[in-house]
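Have a look at the structure below, then the notes.
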Amino acid sequence: MLRCVILDDYQRVALEKADWARLDGSVECVAIDHHIGERAALVATLRDAEIIVAMRERTPFDAALLAELPKLKLLITTGAYNASIDGEAAARQGVVVCGTGNYPGTTAELAWGLILSLARHIPDSAAGMREGGPWQPLIGHALHGKTLGILGWGNLGKRVAAVGRAFGMEILAHSRSLTPEATAAAEIGHAATLPALMAGSDIVSIHLRLTPETRGMIGAAELGAMRPGAILVNTSRGPIVDEAALLDALASGHIRAGLDVYDVEPLPVDHPLRTAPGVVLTPHVGYVTHETYDVFYPDALADIEAWLAGAPIRVING
């Protein structure tokens, strides 16, 4: 009997979202409902597993960790890409790494939830209503006529921009691969540089992968270039924004922010972001929908079945 460990099943739905009974007699599946960050505890949990299903990039599988898991043969990541898995080290160890499909647009939807929450003070207004606070204590901002800056012109950036258009916003975009001709064809504004995007937008929404080039690319200078009272939304990866600089910008009241991602996840309970002014926080739930899980877990099951049959699918490490 092979052993499969499903990591980070916070909502305890993994075993309900797919027909794992199809593996009865060949694979025993165990779901872990909390994050295991300490290396020794992680190794102890995974050392007897031939199959691991990882939730996105929650758990880094570097060469050192893989070396401590000699039984591992199949590593599945939810989603089609995972920068926290050393695919080459896995291949050298004979571990097949597979991905899953995804459900489109959920992170873009959450970005708009954060934007609207900040623009119209929805969390504070809702809390005030429950607590019996004063009637209409806050004044919001309309979106029509404002400029929405999109950092990263991929699928998610385009989805966020489309909603901005529906609100009557001007769209300004910046990406290394974006040309003035492409932005003209898309009927949006082209920010040739990152400072131009930050200074020219009322709201900036980040839609980039975390790479050595994007890590820390938004620092004190970029935040300082933003318009007073502007909104920064990050639903991509926390380290794209320098955390210390962001805390300073929030403390000064220069900008506000909507964050779904952080340098360390889960975010420590005593982290200063939890009490910072002018920020709306969500616990990395951009992808956390029933529709997404209805893709992730059945696809993970299909990956296991294909691997057992000797014909792995969705292989992402060669």
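Heads up: the sequence shown is residues 1 to 318, going by the numbering used here.
We put the CB at the ideal spot given by N, CA and C, even for glycine.
Values in this document were obtained by computation on a predicted structure and should not be read as measured data.
What is the DSSP secondary structure of residue 77, reduced to helix, strand or coil?
As a first step, residue 77 is located in the sequence shown; it is residue number 77 there, counting from the start. DSSP places residue 77 in strand when its eight states are reduced to three.
Hey, quick one: how far does the alpha helix (DSSP H) through residue 155 stretch, first residue to last?
The sequence position of residue 155 within the sequence shown is 155, counting from 1. Taken as a continuous stretch (DSSP letters only), the alpha helix (DSSP H) holding residue 155 covers 155 to 166.
Is the region 99 to 117 touching the region 68 to 82 in the sense that three or more CB pairs, one from each, lie closer than 8 Å?
yes
Consult DSSP for residue 52 and reduce its assignment to one of helix, strand or coil.
Looking up residue 52 in the sequence shown gives position 52. Residue 52: strand per DSSP, three-state reduction.
Would you call the region 281 to 296 and the region 252 to 271 in contact, with 3 or more CB pairs under 8 Å?
yes
Under 8 Å between C-beta atoms of residue 105 and residue 159
Against the sequence shown, residue 105 aligns to sequence position 105. Against the sequence shown, residue 159 aligns to sequence position 159. For residue 105 and residue 159, yes; Cβs fall inside 8 Å.
Reduced DSSP secondary structure (H/G/I, E/B, other) of residue 276
The count along the sequence shown starts at 1 and reaches residue 276 at position 276. In this structure, residue 276 counts as coil in the three-state DSSP scheme.
Assuming residue 201 and residue 111 make a contact with CB atoms under 8 Å, what is their CB distance in whole Å?
The residue given as residue 201 occupies position 201 in the sequence shown. The residue given as residue 111 occupies position 111 in the sequence shown. Wrong, their Cβ atoms sit about 14 Å apart, outside the cutoff.
Compare the Cα-Cα distances from residue 235 to each of 25, 115 and 6 and report the closest residue.
Translated into positions along the sequence shown, residue 235 becomes position 235. Of the candidates 25, 115 and 6, the one whose C-alpha sits nearest the C-alpha of residue 235 is 115.
Give the C-beta separation of residue 337 and residue 55 to the nearest angstrom, bearing in mind that I take them to be a contact with Cβ-Cβ under 8 Å.
Summary: the structure shown does not reach residue 337, with the chain confined to residues 1 through 318, and so no result is reported for it.
Cα separation between residue 1 and residue 304?
In the sequence shown, counting from the first residue as 1, residue 1 sits at position 1. In the sequence shown, counting from the first residue as 1, residue 304 sits at position 304. Going by the C-alpha atoms only, they are around 14 Å apart.
Tell whether a beta-carbon distance below 8 Å holds between residue 248 and residue 220.
Here residue 248 is taken as the residue at index 248 of the sequence shown, counted from 1. Here residue 220 is taken as the residue at index 220 of the sequence shown, counted from 1. Yes, the pair counts as a contact, with Cβ atoms nearer than the cut-off.
Could you round the C-beta distance between residue 250 and residue 277 to whole angstroms and report it? I think they count as a contact, below 8 Å.
Walking along the sequence shown from the start, residue 250 turns up at place 250. Walking along the sequence shown from the start, residue 277 turns up at place 277. The Cβ separation is near 6 Å, so the contact holds.
So what's residue 92 in DSSP terms, helix, strand or just coil?
To locate residue 92, count along the sequence shown from 1; it is residue 92. Of the three classes helix, strand and coil, the one that applies to residue 92 here is helix, per DSSP.
Bridge-paired residues (DSSP) for residue 28:
Locating residue 28 in the sequence shown gives position 28, where the first residue counts as 1. Its beta-bridge partners are 3.
Using a Cβ-Cβ cutoff of less than 6 Å, which residues in the same chain neighbour residue 171 once the five nearest sequence positions on both sides are dropped?
As a first step, residue 171 is located in the sequence shown; it is residue number 171 there, counting from the start. For residue 171, where only same-chain residues beyond five positions count, the Cβ hits under 6 Å are 148, 161, 164 and 188.
Around the C-beta of residue 17, are 16 or more other C-beta atoms found within 10 angstroms, so that it is buried, or is it exposed?
Residue mapping note: residue 17 aligns to position 17 of the sequence shown, counting from 1. Per the 10 Å Cβ criterion, buried.
Using a beta-carbon distance below 8 Å, is residue 126 in contact with chain C?
The chain inventory of the structure shown lacks chain C, comprising one protein chain alone.
Please go through the region 242 to 268 and give each complete beta strand (DSSP E) segment of 3 or more residues, from N-terminal end onward.
255 to 259
Between the alpha carbons of residue 313 and residue 21, how many angstroms are there, rounded?
As a position in the sequence shown, residue 313 is number 313, starting the count at 1. As a position in the sequence shown, residue 21 is number 21, starting the count at 1. Those two C-alpha atoms are separated by around 20 Å.
Is the beta carbon of residue 195 less than 8 Å from the beta carbon of residue 216?
Position 195 of the sequence shown holds residue 195. Position 216 of the sequence shown holds residue 216. Contact: no.
Proximity below 8 Å, CB of residue 71 to CB of residue 86
By one-based count along the sequence shown, residue 71 stands at place 71. By one-based count along the sequence shown, residue 86 stands at place 86. Contact: no.
Reference residue 143, options 119, 126, 152 and 317, closest by Cα
Working through the sequence shown from its first residue, we reach residue 143 at position 143. Answer by Cα proximity: 119.
Span of the beta strand (DSSP E), counted from its first residue to its last, around residue 174:
Here residue 174 refers to the residue found at position 174 of the sequence shown. From DSSP, the beta strand (DSSP E) with residue 174 extends over 170 to 174.
Rounded to the nearest angstrom, how far is the Cβ of residue 208 from that of residue 151, given a contact under 8 Å?
Stepping through the sequence shown from its first residue, residue 208 is reached at position 208. Stepping through the sequence shown from its first residue, residue 151 is reached at position 151. The pair is a contact, with the Cβ atoms about 6 Å apart (cut-off 8 Å).
The beta strand (DSSP E) with residue 83 in it runs from where to where?
The count along the sequence shown starts at 1 and reaches residue 83 at position 83. Counting along the chain, residue 83 falls outside any beta strand (DSSP E), and DSSP gives it neither H nor E.
Count the other C-beta atoms from every protein chain shown that fall within 10 angstroms of the C-beta of residue 175, then say buried if there are 16 or more, exposed otherwise.
In the sequence shown, residue 175 corresponds to position 175, counting from 1. By the 10 Å Cβ count, residue 175 comes out buried.
Which term fits residue 307, buried or exposed, when burial requires 16 or more other beta carbons within 10 angstroms of its beta carbon?
Stepping through the sequence shown from its first residue, residue 307 is reached at position 307. The residue is buried, with at least 16 neighbouring Cβ atoms inside 10 Å.
Neighbourhood of residue 33 by C-beta distance below 6 Å, restricted to the same chain and skipping five residues each side:
Walking along the sequence shown from the start, residue 33 turns up at place 33. Result list for residue 33: 9 and 12, in chain order.
Out of 137, 242 and 117, which has the shortest C-alpha to C-alpha gap to residue 214?
Translated into the one-based positions of the sequence shown, residue 214 becomes position 214. Comparing Cα positions, the closest option is 242.
Span of the alpha helix (DSSP H), counted from its first residue to its last, around residue 122
Reading the sequence shown from its first residue, position 122 is the one you call residue 122. Here the alpha helix (DSSP H) through residue 122 covers 122 to 131.
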